[in-house]
Amino acid sequence: MMFNNVDLSVSSYDTAWVAMVPSPNSLKDPFFPECLNWLLGNQHHDGSWGPHNFHPLLKKDALLSTLACILALNRWSVGQEQINKGLHFIESNLASATDEEQQSPVGFDIIFPSMIESAMNLDMNLPLRGSTLDTIFQRRDFELQRGYGSNSEGWRAFLAYTSEGNGKFQDWETAMKYQRKNGSLFNSPSTTAAAFTHLKNPSCLTYLRTLLEKFGNADNYARLTMVSSLESLGIDRHFRAEITGVLDETYRFWLQGDDDIFSDAATCATAFRLLRVNGYDVSADPLTQFSEDCFFNSLGGYLRDVGAALELFRASEITLHPDESVLEKLNYWTRRFLKQELSSNLIQAHRLHKHIGQEVDHALKCPYHAKLGRLSIRKVIKHYNADSTRILKSSYSSLNIGNEDFLKLAVEDYNFCQSIHHGEFNHFARWVVEQRLDKLKFARQKQPYCYFSAATSLFPPELSDARMSWAKSAFLTTVVDDFFDIGGSEEELVNLIQLVEKWDVNASVDCCSEHVQIIFSAVRSIISEIGVEAFKWQGRSVTNHVTEIWLECLKSMLKEAGWSRNKLEPTMEEYMANAYVSLALGPIVLPALYFVGPKLSEDVLGNSELQRLFMLMSTCGRLLNDIQSCKRELEQGKLNSVSLAVIHGGGIVTEEDAINEIKSVINRKTKELLRLVVLKKGSIVPRECKNLFWNMNKVIHLFYWKDDGLSGNEMMKDVNEVIDELLV
1 MMFNNVDLSV
11 SSYDTAWVAM
21 VPSPNSLKDP
31 FFPECLNWLL
41 GNQHHDGSWG
51 PHNFHPLLKK
61 DALLSTLACI
71 LALNRWSVGQ
81 EQINKGLHFI
91 ESNLASATDE
101 EQQSPVGFDI
111 IFPSMIESAM
121 NLDMNLPLRG
131 STLDTIFQRR
141 DFELQRGYGS
151 NSEGWRAFLA
161 YTSEGNGKFQ
171 DWETAMKYQR
181 KNGSLFNSPS
191 TTAAAFTHLK
201 NPSCLTYLRT
211 LLEKFGNADN
221 YARLTMVSSL
231 ESLGIDRHFR
241 AEITGVLDET
251 YRFWLQGDDD
261 IFSDAATCAT
271 AFRLLRVNGY
281 DVSADPLTQF
291 SEDCFFNSLG
301 GYLRDVGAAL
311 ELFRASEITL
321 HPDESVLEKL
331 NYWTRRFLKQ
341 ELSSNLIQAH
351 RLHKHIGQEV
361 DHALKCPYHA
371 KLGRLSIRKV
381 IKHYNADSTR
391 ILKSSYSSLN
401 IGNEDFLKLA
411 VEDYNFCQSI
421 HHGEFNHFAR
431 WVVEQRLDKL
441 KFARQKQPYC
451 YFSAATSLFP
461 PELSDARMSW
471 AKSAFLTTVV
481 DDFFDIGGSE
491 EELVNLIQLV
501 EKWDVNASVD
511 CCSEHVQIIF
521 SAVRSIISEI
531 GVEAFKWQGR
541 SVTNHVTEIW
551 LECLKSMLKE
561 AGWSRNKLEP
571 TMEEYMANAY
581 VSLALGPIVL
591 PALYFVGPKL
601 SEDVLGNSEL
611 QRLFMLMSTC
621 GRLLNDIQSC
631 KRELEQGKLN
641 SVSLAVIHGG
651 GIVTEEDAIN
661 EIKSVINRKT
671 KELLRLVVLK
681 KGSIVPRECK
691 NLFWNMNKVI
701 HLFYWKDDGL
711 SGNEMMKDVN
721 EVIDELLV
């Protein structure tokens with residue numbers, strides 16, 4: 001129901017300004033009597049107007065709304081009893097107007113004293129005296145002096161936004177430069193009402209009439225924010241049809257150049273990000289209007305709108321093409337700005353949105369291509385702001401933007417999935433023991449990491465087969481990698497490959513060592529298990545395909561081991577042609593494709609698109625691994641892309657140079673991978689399958705971006721949280 005109905009609270013402040021608009025037929029009558037009637041019927045018991053049960057830090061908002069409502073009632077000589085009660089509220093709470101702890105509505109220091117002057121000029125007997133009143137006017141003078149001193153475009157936009165508070169000094173010609181296609185000024189009813197009162201602009205009137213006919217001009221932003229919330233909380237899969245409906249509509253608006261989408265930074269950025277990651281082909285060009293200079297010369301820039309900057313930063317991470325300089329520039333300035341705000345006590349400045357600091361910190365520390373599903377979802381749930389109150393010139397709330405029911409469903413869904421994951425992990429741990437893989441002392445025993453990598457991205461309950469295939473194969477490839485690196489002799493390595501090639505052998509007789517027997521038996525077991533389970537999903541045998549995947553991986557490992565044993569230095573091209581396979585992501589990801597839903601034909605599996613997805617994912621993984629493991633591997637006598645770049649660099653390439661160039665390659669390959677994953681045009685690989693390559697890319701980035709995560713224990717806290725710790 002909420003997808004079809006944006007629930008937006010009524011602003012007493014805006015309603016009062018619309019109520020003050022006089023009728024063109026009689027200056028003694030209101031143009032919108034329904035607004036006046038609403039004011040008469042919605043005063044609170046304490047004499048104030050504004051949100052019910054307002055937050056203790058929103059007294060300035062209540063003061064502003066109440067005084068606006070008093071002026072509106074006085075304008076039409078009605079509601080004297082309500083006026084008196086309102087005046088009493090203002091007298092009792094005036095000290096809050098200068099309280100630094102109170103959250104200030106946008107423009108409060110200009111608008112509130114201006115309305116006080118209006119009330120005084122109307123001989124309304126405002127019971128206001130003393131130092132507090134002096135301080136209120138001093139603050140207005142300081143704000144105006146500071147703004148006019150800056151003489152910036154942002155200040156001029158701010159003055160236009162607060163036009164109703166500028167009285168006879170307002171330059172309406174300048175203010176009308178900010179009129180939008182829908183007739184409004186900044187989508188603000190109060191500003192637009194004041195403009196219409198002074199100028200009788202017909203487009204302003206059209207906006208106000210439309211607003212009253214269908215309240216809630218924030219439909220686009222509210223719905224997009226709702227979609228974003230559901231995705232970040234991990235519960236979007238329950239609402240795919242509804243989300244698709246919102247995104248289809250947003251895409252139509254985007255193609256039409258809809259002003260409601262493009263005129264607001266946060267809305268435009270959120271629309272761009274959600275459309276791109278969900279497969280809609282949209283250009284980044286509209287974001288050029290939010291360059292650093294443009295942003296800080298706008299209202300949002302003058303107000304240092306952290307929320308808008310955060311959305312622009314998130315949008316800038318969805319770079320698909322090598323020539324999207326607009327996104328690179330956007331990423332640069334928003335990152336710098338957000339860091340500055342974070343270091344300048346940002347959380348204190350946003351008392352009503354106390355989690356904004358954590359959101360910014362998480363966004364800066366964890367790039368989009370390293371945000372793992374369950375890990376990111378857990379952080380979002382812990383920092384989710386269920387308080388739907390936001391504040392501009394007055395406070396407002398929308399259940400579509402902040403909703404406690406979203407949070408409850410997310411926690412329930414998370415814990416339900418985790419209970420399944422916990423049982424699967426216990427089964428997986430038993431499987432390792434049953435296969436005697438725990439007996440191989442040379443091998444890293446990384447059961448939690450391997451299951452974590454599966455569960456964090458393939459978390460829905462119905463993907464159990466995919467998780468178990470992924471986790472078991474990940475553990476086994478780690479064991480095999482260690483066997484080829486340090487645990488096995490040349491004879492054992494060759495013997496293992498021959499056994500897999502022959503397949504139908506007597507392991508107790510044909511294996512040359514106990515280590516080979518354990519590993520071969522485990523490989524044969526997992527291939528057979530995948531074959532049986534995949535038949536249920538695909539309706540055909542895939543055992544030969546999975547065997548070929550393993551053989552290709554084993555042979556690439558053997559070639560790599562031969563280079564090390566014989567101290568050979570392959571060219572970079574020779575190394576990479578082999579190394580992206582020897583990283584051993586093939587046996588993990590490719591069999592899991594059979595368990596995510598779609599039936600896959602031989603044509604799809606052999607298609608160049610799927611091969612390119614695999615190569616890009618594996619190349620990024622290999623290069624990230626090489627950066628973090630180059631010192632350890634050199635000590636083991638192994639070469640990788642870093643050391644080879646130095647060796648073949650003609651004596652002028654340093655290790656730092658090599659790493660910087662490799663990071664640049666990773667960046668380009670990651671963009672290309674994301675482009676292949678999200679774009680629909682010309683693609684034959686189902687999105688559910690493409691997501692596996694992107695999910696593994698995220699896993700690899702998380703494991704290897706800062707250190708060799710799979711060899712150390714730094715990530716165990718995250719691993720334990722995802723597998724064991726319930727949310728409460």
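Read left to right, the sequence shown gives residues 1 to 728 (full-length UniProt numbering).
Even glycine gets a Cβ: it sits at the ideal position worked out from N, Cα and C.
Values in this document were obtained by computation on a predicted structure and should not be read as measured data.
Are the Cβ atoms of Asp465 and Ala534 separated by less than 9 angstroms?
Here the question's residue 465 lines up with position 465 in the sequence shown. Here the question's residue 534 lines up with position 534 in the sequence shown. It is a contact, given that the beta carbons lie within the stated cut-off.
Is Leu27 helix, strand or coil when you go by DSSP?
As a position in the sequence shown, residue 27 is number 27, starting the count at 1. Coil.
Leu36 - DSSP class collapsed to helix/strand/coil:
Within the sequence shown, the letter at position 36 stands for residue 36. Reduced to three states, the DSSP call for Leu36 is helix.
Between the beta-carbon of Pro587 and the beta-carbon of Ser457, is there less than 9 angstroms?
Here residue 587 refers to the residue found at position 587 of the sequence shown. Here residue 457 refers to the residue found at position 457 of the sequence shown. Against a cut-off of 9 angstroms, the Cβ pair of Ser457 and Pro587 comes out as no contact.
Nearest-angstrom Cα separation, counted from Ile318 out to Phe262:
Within the sequence shown, residue 262 is the residue found at index 262, counting from 1. Within the sequence shown, residue 318 is the residue found at index 318, counting from 1. Cα to Cα, Phe262 sits roughly 18 angstroms from Ile318.
Whether Ala160 touches Lys177 by CB criterion (9 angstroms):
Counting from 1 along the sequence shown, the entry for residue 160 is found at position 160. Counting from 1 along the sequence shown, the entry for residue 177 is found at position 177. In contact: Ala160 and Lys177 (Cβ atoms closer than 9 angstroms).
Drop a sphere of 10 angstroms on the beta-carbon of Tyr332, count the other beta-carbons inside from all chains shown, and report buried for 16 or more, exposed for fewer.
On the sequence shown, position 332 is the one that residue 332 refers to. Label assigned to Tyr332: exposed.
Just the C-alpha distance for Thr270 and Ser150, rounded to the nearest angstrom, thanks.
For this step, residue 270 is matched to residue 270 along the sequence shown. For this step, residue 150 is matched to residue 150 along the sequence shown. Rounded to the nearest angstrom, the two C-alpha atoms are 31 angstroms apart.
Nearest residue (CA-CA) to Glu573, options Pro30, Leu585 and Ala645:
Within the sequence shown, numbered from 1, the residue matching residue 573 stands at position 573. Out of Pro30, Leu585 and Ala645, Ala645 has the C-alpha closest to the C-alpha of Glu573.
Mind reading off the beta-carbon distance from Val246 to Arg223? Whole number of angstroms is fine, and I expect it under 8 angstroms.
Translated into positions along the sequence shown, residue 246 becomes position 246. Translated into positions along the sequence shown, residue 223 becomes position 223. Confirmed, Cβ separation roughly 5 angstroms.
Are there 16 or more other CB atoms within 10 angstroms of the CB of Tyr451, so buried, or fewer, so exposed?
As a first step, residue 451 must be located in the sequence shown, where it is residue number 451. The residue in question, Tyr451, is buried, as its Cβ has 16 or more Cβ neighbours within 10 Å.
Helix, strand or coil at Ser263 [DSSP, three-state]:
Translated into the one-based positions of the sequence shown, residue 263 becomes position 263. It is coil, neither helix nor strand.
Please confirm if the stretch 560-573 is in contact with the stretch 645-658, defined as three or more CB-CB distances below 8 angstroms between the two stretches.
yes
Assumed close pair Leu673, Leu616 - CB separation to whole angstroms, cut-off 8 angstroms
Taking the sequence shown and counting its residues from 1, the one referred to as residue 673 is at position 673. Taking the sequence shown and counting its residues from 1, the one referred to as residue 616 is at position 616. That belief holds up - the Cβ atoms of Leu673 and Leu616 are roughly 4 angstroms apart, short of 8 angstroms.
Taking the alpha-carbon positions, what's the Ser376 to Tyr384 distance?
Reading the sequence shown from its first residue, position 376 is the one you call residue 376. Reading the sequence shown from its first residue, position 384 is the one you call residue 384. Computed Cα separation, rounded: 12 angstroms.
Starting from the C-beta of Leu667, find all residues in its chain whose C-beta is less than 8 angstroms away, skip the five residues before and the five after it, and write them out in chain order.
Translated into positions along the sequence shown, residue 667 becomes position 667. With the sequence shown as reference, residue 667 is identified as Asn, and Leu is not the correct amino acid for it. There are no such residues.
Through-space distance from Ser114 to Ile90, alpha-carbon basis
Along the sequence shown, read from residue 1 onward, the residue named residue 90 stands at position 90. Along the sequence shown, read from residue 1 onward, the residue named residue 114 stands at position 114. Taking the straight line from one Cα to the other gives about 15 angstroms.
Look at the Cβ atom of Leu440, then the Cβ atom of Phe483, and state whether they are nearer than 9 angstroms.
For the purposes of this step, residue 440 is taken as residue 440 along the sequence shown, with counting starting at 1. For the purposes of this step, residue 483 is taken as residue 483 along the sequence shown, with counting starting at 1. In this structure, Phe483 lies closer than 9 angstroms to Leu440 by Cβ.
Identify the residues that DSSP records as bridge partners of Ser131: which are they?
Along the sequence shown, read from residue 1 onward, the residue named residue 131 stands at position 131. According to DSSP, Ser131 bridges with nothing at all.
Runs of beta strand (DSSP E) lying entirely within the stretch 535-586, each at least 3 residues, in chain order
none
Could you name the residues of the same chain whose beta carbon sits closer than 7 angstroms to that of Lys681, not counting the 5 residues immediately before and after it, in chain order?
Indexing the sequence shown from 1 puts residue 681 at position 681. Counting only Cβ-Cβ distances below 7 angstroms, and skipping sequence neighbours, we find Asp281.
Can Ala68 and Trp17 be called in contact, C-beta distance under 9 angstroms?
Counted from its first residue, the sequence shown places residue 68 at position 68. Counted from its first residue, the sequence shown places residue 17 at position 17. Against a cut-off of 9 angstroms, the Cβ pair of Trp17 and Ala68 comes out as a contact.
When DSSP labels each residue in this structure, what does Arg390 get in the three-state scheme?
The residue you call residue 390 lines up with position 390 of the sequence shown. The answer is strand: DSSP assigns Arg390 an E or B state.
Tell me, which residues are paired with Leu185 by DSSP?
In the sequence shown, residue 185 corresponds to position 185, counting from 1. Partner(s): Gln179.
Rounded to the nearest angstrom, how far is the Cβ of Gly154 from that of Asn297, given a contact under 8 angstroms?
As a first step, residue 154 is located in the sequence shown; it is residue number 154 there, counting from the start. As a first step, residue 297 is located in the sequence shown; it is residue number 297 there, counting from the start. Yes, Gly154 and Asn297 are in contact; Cβ-Cβ is about 5 angstroms, under 8 angstroms.
In angstroms with no decimal places, state the Cα-to-Cα distance between Val719 and Tyr449.
For this step, residue 719 is matched to residue 719 along the sequence shown. For this step, residue 449 is matched to residue 449 along the sequence shown. Their Cα atoms are separated by approximately 7 angstroms.
Could you round the C-beta distance between Gly183 and Ser203 to whole angstroms and report it? I think they count as a contact, below 8 angstroms.
Within the sequence shown, the letter at position 183 stands for residue 183. Within the sequence shown, the letter at position 203 stands for residue 203. Gly183 to Ser203, Cβ: 3 angstroms. Contact.
Between Tyr414 and Leu727, how many whole angstroms is the CB-CB distance? I'm expecting something under 8 angstroms.
Translated into positions along the sequence shown, residue 414 becomes position 414. Translated into positions along the sequence shown, residue 727 becomes position 727. With a Cβ gap of about 5 angstroms, Tyr414 and Leu727 count as contacting.
Under a Cβ-count criterion, where at least 16 other Cβ atoms within 10 Å of its own Cβ denotes burial, should Asn217 be classed as buried or exposed?
Here residue 217 refers to the residue found at position 217 of the sequence shown. Interpretation of Asn217 is limited by its pLDDT of 42, a score under 50 that renders its predicted location unreliable; no figure is taken from the coordinates.
Roughly how many angstroms separate the alpha carbons of Lys329 and Ser23, rounded to a whole number?
Residue numbering aside, residue 329 sits at position 329 when the sequence shown is read from its first letter. Residue numbering aside, residue 23 sits at position 23 when the sequence shown is read from its first letter. Those two C-alpha atoms are separated by around 49 angstroms.
Proximity below 9 angstroms, CB of Tyr13 to CB of Ser48
Residue numbering aside, residue 13 sits at position 13 when the sequence shown is read from its first letter. Residue numbering aside, residue 48 sits at position 48 when the sequence shown is read from its first letter. The answer is no: Cβ separation not under 9 angstroms.
From this set, Cys553, Thr132, Leu299 and Thr267, which residue's C-alpha is nearest Ala175's C-alpha?
Residue mapping note: residue 175 aligns to position 175 of the sequence shown, counting from 1. Ranking Cys553, Thr132, Leu299 and Thr267 by Cα distance to Ala175 puts Leu299 first.
Note the first and the last residue of the continuous alpha helix (DSSP H) segment covering Ser65.
Numbered from its first residue, the sequence shown carries residue 65 at position 65. Taken as a continuous stretch (DSSP letters only), the alpha helix (DSSP H) holding Ser65 covers Lys59 to Arg75.
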